[in-house]
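Working notes for the structure below.
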Amino acid sequence: MSQSANQRSRKMLACTAEATAYQKAFGQDLRRRVVDDQEPYAIVQADTPHELFHAMGIPIVTNQWWSAYISAKQLSGRYFDAMVDKGFPANSCKYCSLGLACTLANEPETAPWGGLPSPTVLVARLTCDCIQHVFGLWAHELGSEFFAMEAPAWEHKEEDWYANARADWERVYQPDRIAQMVREMEDLIVLLEERTGRKFDAAKFETLMERINEQEGYIWEAARAIGEARPCPVSIAEQMPNTMIPQWHRGSDWAVAHARKFRDEVLERIAQGQGAATQERLRLMWIGAGVWHDPGFYQALEENLGAVFVWSMYMPFAGPAYIRDIKGRPMEALASRVASMNETLHLPPWMSGWITSEAKRCGIDAAVILLPPDNRLSQSGTKLTALALEEAGVPVLMIDADMVDAKIWDHDRMVAMVEAFLRDKGLA
0 MSQSANQRSR KMLACTAEAT AYQKAFGQDL RRRVVDDQEP YAIVQADTPH ELFHAMGIPI
60 VTNQWWSAYI SAKQLSGRYF DAMVDKGFPA NSCKYCSLGL ACTLANEPET APWGGLPSPT
120 VLVARLTCDC IQHVFGLWAH ELGSEFFAME APAWEHKEED WYANARADWE RVYQPDRIAQ
180 MVREMEDLIV LLEERTGRKF DAAKFETLME RINEQEGYIW EAARAIGEAR PCPVSIAEQM
240 PNTMIPQWHR GSDWAVAHAR KFRDEVLERI AQGQGAATQE RLRLMWIGAG VWHDPGFYQA
300 LEENLGAVFV WSMYMPFAGP AYIRDIKGRP MEALASRVAS MNETLHLPPW MSGWITSEAK
360 RCGIDAAVIL LPPDNRLSQS GTKLTALALE EAGVPVLMID ADMVDAKIWD HDRMVAMVEA
420 FLRDKGLA
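Residue numbering for the sequence shown follows numbering that gives the first Met the number 0, beginning at 0 and increasing consecutively.
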C-alpha cells in the first residue's frame, strides 16, 4: 500500500526539537562506542532492568527502540521480506522480531550502523511464547548469549493497582515475584561483571533510582496537567518523544533536566491557553505502541475536525509504573517496576482498569486501539479493554495495523477510517 502520504508531525514545543537532537547525537555516540570502539554492550527488551546497565556504564540497544529506528527509516518491509525468504513465517510478531530480521537480512549497505555487532549478552523477559525463539535465534546469529528472565504469573488482581503502586508496591506486585526478579537481577549483575570487567556500585544505583523518581515526577505532573487542561496544550505526537527519549536515558542528568523543561513548557502553554488545535472539539485516546513510520497521523484531524489525540500510554505510565518509594530497598523497588510492566499495559484487569480510569481523568470522547495482526502480546487484552471502555461510554475504533510494519499501513486510508468512525458515532 502507498506510504506516499505519510507526514512528519508538526512541532510546537522547543523541547521537542531538543529531545530529537539529543537522541540523534546519542545514536551517533552509541554507534561509535558499539561499532567503532567495540565497547561491550547489550541488546535488551524494553521491560528489562535497564537501570543495572546504566549504573554500570554499559551501553544498551533496546530492541523496541531499534525496531522504531529501522521502521522510521522505511526499511521494515525490506527486512521482513528477507526474513520470509529465509523460511520464517510471514506472521511473525513484527515489533520484537524486526531487529532479528535486520540481522538475518545481512545487508550492511542498507542496515543502520551497517548492522549490529555481537553484543556481550541479549536480555529479555519471557512474556510470550515468541520472545524465547526471537532472542535465542538472534543470539545465535550474532554469536552471543541469551539471558532469559522469567515472567511469573501475577495472581494479585487489583484493578486500581495504579493508585497504590508507589507506596504499597510490595503488596501490589507480590513479594514472591519481586524476590524472584531480584535473584535474576543479581545473577545478571554477576554475568555483566564477569564479561565486561565493570563493577556494580550499589550506592550509585540507589542514587540513580532516586533521580528516576524525580524525572518521572516531572512527567507525571505534566500528564496530569494535560488531562485537566482545556484545550489540550500538546498532542501525543510531541508527548511521545518528550517522554520516551528521556526514558531511554532515565536517571541521567540530561533526562531529569529535560523532563523538567518539558513539564515547564507544558504548564506555560496551559497558562497561555494554547492548544494543539486551534479549535479543540474532540479528545481522543490512542491505545497501543506508536505508529513509528507515520507520526503525522496523530495530527491529521486536528484542524478540520478539532480532533486531538491527547492520550497515549507512554506519558501517564510514568507516575504509577515508575515512581517508587524506595524505602532503602532500591533493588526490590526496581524489581516491582519491571515485574508487571507487560500486564499493566496489555492484560486485563490491570490494563482495562487503568485505561478506563485514564479515559475518565482526561475527558476522552473516543478511543482508537492499535491491533497489530501478528503481535500476540499487543492483542492480549485489547478487546476486553475495548469492551470496558464502551461500557464506560467511550466509543472505540480498533484498527488492524502494525507499529513498525509500514507495508500494511496507508496514511490517507487510516485517517479516513478514523474520520468516518467519529462521524458515524455523531462526534464530528
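Just so it is clear, CB atoms sit at the ideal spot from N, CA and C, and this is done for glycine as well.
Residue i versus residue j: straight-line alpha-carbon distance, rounded
| i | j | result |
| --- | --- | --- |
| E390 | Y217 | 32 Å |
| A270 | G380 | 37 Å |
| A427 | N303 | 10 Å |
| A419 | M314 | 28 Å |
| Q478 | E209 | Only positions 0 to 427 of the chain appear in the structure, and residue 478 is not among them; the question remains open. |
| Q2 | D186 | Legend: pLDDT at Q2 = 43, less than 50; position of this residue unreliable, no value from coordinates given. |
| I130 | E144 | 14 Å |
| E17 | N212 | 22 Å |
| A288 | A71 | 14 Å |
| E193 | P39 | 12 Å |
| A242 | C14 | It should be pointed out that residue 242 corresponds to Thr in this sequence rather than to Ala. Answer to the nearest angstrom: the Cα atoms are 11 Å apart. |
| R170 | R176 | 10 Å |
| A4 | T206 | Residue placement at A4 cannot be trusted, given a pLDDT of 48 that sits under 50; what the coordinates show is reported in the next sentence. Each residue's Cα considered, the two are about 46 Å apart. |
| R259 | D252 | 11 Å |
| D159 | D324 | 18 Å |
| R268 | R223 | 14 Å |
| I69 | G250 | 26 Å |
| V428 | W219 | Since the displayed the chain opens at 0 and closes at 427, residue 428 lies outside it and no answer follows. |
| I87 | P294 | The sequence given here has Phe at residue 87, not Ile. Cα-Cα distance, rounded: 29 Å. |
| Q37 | E106 | 20 Å |
| R229 | A20 | 30 Å |
| D84 | G327 | 52 Å |
| L191 | F204 | 15 Å |
Short Cβ contact (8 Å threshold) for residue i with residue j
| i | j | result |
| --- | --- | --- |
| E149 | E183 | yes |
| A400 | V290 | yes |
| S351 | T384 | yes |
| A67 | V367 | no |
| P240 | H257 | no |
| L344 | M312 | yes |
| A405 | S75 | yes |
| E215 | I322 | yes |
| A306 | L421 | yes |
| I398 | Y297 | no |
| L115 | L97 | no |
| P319 | A164 | yes |
| T126 | D35 | no |
| A387 | K424 | no |
| F261 | A202 | no |
| V309 | C231 | yes |
| W137 | R30 | no |
| I494 | V393 | It is not possible to answer for residue 494, since the shown part of the chain is limited to 0 through 427. |
Nearest-angstrom Cβ-Cβ length linking residue i and residue j, presumed shorter than 8 Å
| i | j | result |
| --- | --- | --- |
| M11 | V233 | 6 Å |
| V414 | A299 | 4 Å |
| E157 | L333 | Actually they are not in contact, since the Cβ atoms of E157 and L333 sit about 20 Å apart, beyond 8 Å. |
| G226 | R360 | 5 Å |
| C101 | A89 | About 17 Å; that fails the 8 Å criterion. |
| V181 | M330 | 5 Å |
| T119 | A178 | T119 to A178, Cβ: 26 Å. No contact. |
| H292 | Q73 | 7 Å |
Contacting residues, own chain, Cβ-Cβ under 7 Å from residue i (five flanking each side not counted)
| i | result |
| --- | --- |
| W247 | T61 and W64 |
| A81 | A100, L103 and A104 |
| G26 | none |
| Q95 | Sequence check: residue 95 is Cys here, not Gln. Cβ neighbours of C95 beyond the five flanking positions: N62, C129, I130 and V133. |
| S117 | L141, G142 and S143 |
Spatial neighbours of residue i in its chain, beta-carbon cut-off 8 Å, leaving aside the 5 residues before and after
| i | result |
| --- | --- |
| V43 | H49, F52, I59, V60, T61, N62, L121, V122 and A123 |
| P347 | G380, L383, T384 and A387 |
| M0 | Note that M0 scores 37 on pLDDT, short of 50, meaning its location in the model is unreliable; the coordinates nonetheless yield the value given after this. Excluding residues within five positions, the ones whose Cβ falls inside 8 Å are K406, I407, W408, D409 and R412. |
| G135 | F145 |
Residues of its chain near residue i, where Cβ-Cβ distance is below 6 Å and the 5 sequence neighbours each way are ignored
| i | result |
| --- | --- |
| H139 | none |
| S335 | W168, Y172 and I177 |
| P372 | D399 |
| W353 | Y161 |
| Y78 | A100, C101 and A104 |
| Q238 | M314 |
With contact counted as at least three CB pairs below 8 Å, one residue from each stretch, are the stretch 42-57 and the stretch 269-286 in contact? no
Please determine if the stretch 152-166 and the stretch 339-352 are in contact, where contact requires at least 3 C-beta pairs separated by less than 8 Å. yes
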